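Participant: Starting off with a structure, shown below.
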Amino acid sequence: MRVIAVCALGLAIICGIVSVYLGWRNDGLRDQLEAAQGRLSVQARQIQNARQAAAVLDAHIARLQAERAAHQVQLKELRGKEGYHAPLSDFLGDVFDGL
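When we follow the UniProt record's numbering, the leftmost residue of the sequence shown carries the number 1, and every step to the right adds one.
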């Protein structure tokens, strides 16, 4: 009977030690999980900010391309007008030389 009681007590102590160890390990893992979730949420916000910035830049590029196309049309119209290739007047020639 004594042997059984000693074995039961030893088993209870071992189970207690194992449960304390597992609790300690789970606390550490929980802390690591919370830190990883925090990093993940920060990265998700950074991705969202990058997508918003990309959308703004895409809109800006589209606007610049539209302006460039409009300027190309105006340049083509100017080149098609009479006197485009004519030499500058004396006054405009002097101004151009001064620049």
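Think of the CB as a built atom: it goes at the ideal place given N, C-alpha and C, for glycine as much as any other residue. No experiment lies behind these values; they were computed from the predicted model shown.
#1: What's the gap between the Cα of residue 96 and the Cα of residue 89?
#2: In terms of residue numbering, what span does the alpha helix (DSSP H) encompassing residue 76 cover?
#3: What does the alpha-carbon distance come out to for the pair residue 101 and residue 8?
Facilitator: Put simply:
#1: 10 Å
#2: 2-80
#3: The requested residue 101 does not occur in the structure, where the chain is confined to residues 1 to 99.
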